[in-house]
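Accompanying notes for the structure given below.
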Amino acid sequence: MLQGIELNKTFQGRGGWLSSASQPIVAVDQVSLELNPKETVGLVGESGSGKSTLGELLGDLQRPTSGQVCYRGQDIQSMDREAYANYRRNVQFVFQSPHTSMNPTYTIQHVLEEPLRKLTNFTEHERIEKMEAMMEQVGLPVRYLSRYPRQLSGGQCQRVAIGRALLLNPEILICDECVSALDVSVQAQILNLLNQLQEIYGTTYLFISHDLAAVKYISDRVLVMQHGQVVESGPTEQVLTQPEHAYTKQLLHYHQLIH
Numbered sequence: 013m014l015q016g017i018e019l020n021k022t023f024q025g026r027g028g029w030l031s032s033a034s035q036p037i038v039a040v041d042q043v044s045l046e047l048n049p050k051e052t053v054g055l056v057g058e059s060g061s062g063k064s065t066l067g068e069l070l071g072d073l074q075r076p077t078s079g080q081v082c083y084r085g086q087d088i089q090s091m092d093r094e095a096y097a098n099y100r101r102n103v104q105f106v107f108q109s110p111h112t113s114m115n116p117t118y119t120i121q122h123v124l125e126e127p128l129r130k131l132t133n134f135t136e137h138e139r140i141e142k143m144e145a146m147m148e149q150v151g152l153p154v155r156y157l158s159r160y161p162r163q164l165s166g167g168q169c170q171r172v173a174i175g176r177a178l179l180l181n182p183e184i185l186i187c188d189e190c191v192s193a194l195d196v197s198v199q200a201q202i203l204n205l206l207n208q209l210q211e212i213y214g215t216t217y218l219f220i221s222h223d224l225a226a227v228k229y230i231s232d233r234v235l236v237m238q239h240g241q242v243v244e245s246g247p248t249e250q251v252l253t254q255p256e257h258a259y260t261k262q263l264l265h266y267h268q269l270i271h
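Numbering (this note's numbering) for the sequence shown: 13 to 271.
Right, dumping it as structure tokens:
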């Protein structure tokens, strides 16, 4: 459904004080992966491993230095306007900090309604019906539509962000550290919500996180990234209980030490 083929992303680094020459930084290095319908793929690694950059490449928030991103077999860079618009509707994001991803001057209704107004032909009545139904599905009172993001907790704002992404009924949702800024108890609520909504909508998730416990809980299979490369991949239970690569073992050891 969504495929990355030999993706590379290189950034131009800044020169140090001893040298004016800048060294390129390889964020993603020859990564290939495929997201299949109705599955959850966990993408794990330490900060700087390239996992967020890979997600941005798949969602076309950044263009690869080389390689291809294909949606339903077609390279997104060769799509016509209609095909590309369909791809963008079907690949949505939920980011780490819900408060910063929402305009603080907008009410929750405005936040939710904006993509519906821009990307659909729904009438105002239809938009309101969909927003109210989505608020119920993400576990928030409909009356919160008149509130502002600052009047909601972090967990409530993340529920709004998830609802906004799913209002367009996308095939793929890229969740980039979407629970890492939340308290542990709220994290569990959001993970359960994602599972429930996946059963309703059949959405495919790319779940990007450094938290192995969250990845183990929600993912069907997992990819482990180090220095821009996927060093290990496979079914979640297998990778996280019987790791083969030294880096995966190191991550698990560190995780066990701090939990």
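By construction, the Cβ of each residue, glycine as well, lies at the ideal position given by its N, Cα and C atoms.
ask   = Hey, how far is the Cα of residue 250 from the Cα of residue 149?
value = Here residue 250 refers to the residue found at position 238 when the sequence shown is read from its first residue. Here residue 149 refers to the residue found at position 137 when the sequence shown is read from its first residue. Approximately 33 Å, taken between the alpha carbons.
ask   = Can you list, in chain order, the stretches of the beta strand (DSSP E) that have 3 or more residues and sit fully within the stretch 162 to 217?
value = 184 to 188
key: residue 266 classed as buried or exposed, judged by whether at least 16 other C-beta atoms fall within 10 angstroms   = Here residue 266 is taken as the residue at index 254 of the sequence shown, counted from 1. Its Cβ having fewer than 16 others within 10 Å, residue 266 is exposed.
Cα-Cα separation, residue 72 to residue 97 = Within the sequence shown, residue 72 is the residue found at index 60, counting from 1. Within the sequence shown, residue 97 is the residue found at index 85, counting from 1. Cα to Cα, residue 72 sits roughly 12 Å from residue 97.
ask   = Who are the near neighbours of residue 17 in its chain, counting only those whose CB is closer than 7 Å to its CB and skipping five residues on each side?
value = The residue given as residue 17 occupies position 5 in the sequence shown. Closer than 7 Å at Cβ, skipping near neighbours: 44, 79, 80 and 82.
key: DSSP state of residue 233 mapped onto helix, strand, coil   = On the sequence shown, position 221 is the one that residue 233 refers to. Strand, per DSSP.
ask   = Residues in its own chain within less than 6 Å of residue 271 by CB, not counting five upstream and five downstream?
value = Taking the first residue of the sequence shown as position 1, residue 271 is located at position 259. With a pLDDT of 49 at residue 271, under the threshold of 50, the predicted position of this residue should be treated as unreliable, though the coordinate-derived value follows. Here the set comprises nothing.
query = Given a threshold of 16 other Cβ atoms within 10 Å of its Cβ, counted over all protein chains shown, does residue 269 qualify as buried or as exposed?
reply = As a first step, residue 269 must be located in the sequence shown, where it is residue number 257. For residue 269, the predicted structure reports a pLDDT of 46, less than 50, and the residue's modelled location is therefore unreliable. A value from the coordinates is still provided. Under this definition residue 269 is an exposed residue.
request  = Decide if residue 196 is buried, meaning its Cβ has at least 16 other Cβ atoms within 10 Å, or exposed.
outcome  = Position 184 of the sequence shown, counting from 1, holds the residue named residue 196. The residue in question, residue 196, is exposed, as its Cβ has fewer than 16 Cβ neighbours within 10 Å.
key: Start and end residues, alpha helix (DSSP H) containing residue 127   = As a position in the sequence shown, residue 127 is number 115, starting the count at 1. Segment 120 to 131, the alpha helix (DSSP H) holding residue 127.
key: Nearest-angstrom Cα separation, counted from residue 183 out to residue 23   = Counting from 1 along the sequence shown, the entry for residue 23 is found at position 11. Counting from 1 along the sequence shown, the entry for residue 183 is found at position 171. The straight-line gap from Cα to Cα measures roughly 30 Å.
inquiry  = Please report the distance separating the alpha-carbon of residue 113 from that of residue 226.
reply    = Position 101 of the sequence shown, counted from the start, is the residue given in the question as residue 113. Position 214 of the sequence shown, counted from the start, is the residue given in the question as residue 226. If I take the Cα positions, the gap works out to 22 Å.
query = Buried or exposed: residue 212, going by 16 or more other Cβ atoms within 10 Å of its Cβ?
reply = Mapped onto the sequence shown, residue 212 falls at position 200. By the neighbour-count rule (16 or more Cβ atoms within 10 Å), residue 212 is not buried but exposed.
query = residue 128: which of 92, 181 and 168 sits nearest, CA to CA?
reply = As a first step, residue 128 is located in the sequence shown; it is residue number 116 there, counting from the start. Considering only alpha carbons, the answer is 181.
ask   = In three-state DSSP terms, what is residue 67?
value = Residue numbering aside, residue 67 sits at position 55 when the sequence shown is read from its first letter. Reduced to three states, the DSSP call for residue 67 is helix.
inquiry  = Going by beta-carbon coordinates alone, are residue 187 and residue 243 separated by less than 8 Å?
reply    = To locate residue 187, count along the sequence shown from 1; it is residue 175. To locate residue 243, count along the sequence shown from 1; it is residue 231. Not a contact, by the Cβ cut-off of 8 Å.
message = Please tell me whether residue 19 has its Cβ less than 8 Å away from any Cβ of chain D.
response = Protein chain content of the structure displayed is limited to a single chain, and chain D is not contained in it.
task = Determine the direct distance from the alpha carbon of residue 255 to that of residue 111, and round the result to whole angstroms.
result = For the purposes of this step, residue 111 is taken as residue 99 along the sequence shown, with counting starting at 1. For the purposes of this step, residue 255 is taken as residue 243 along the sequence shown, with counting starting at 1. Distance between the alpha carbons of residue 111 and residue 255: 36 Å.
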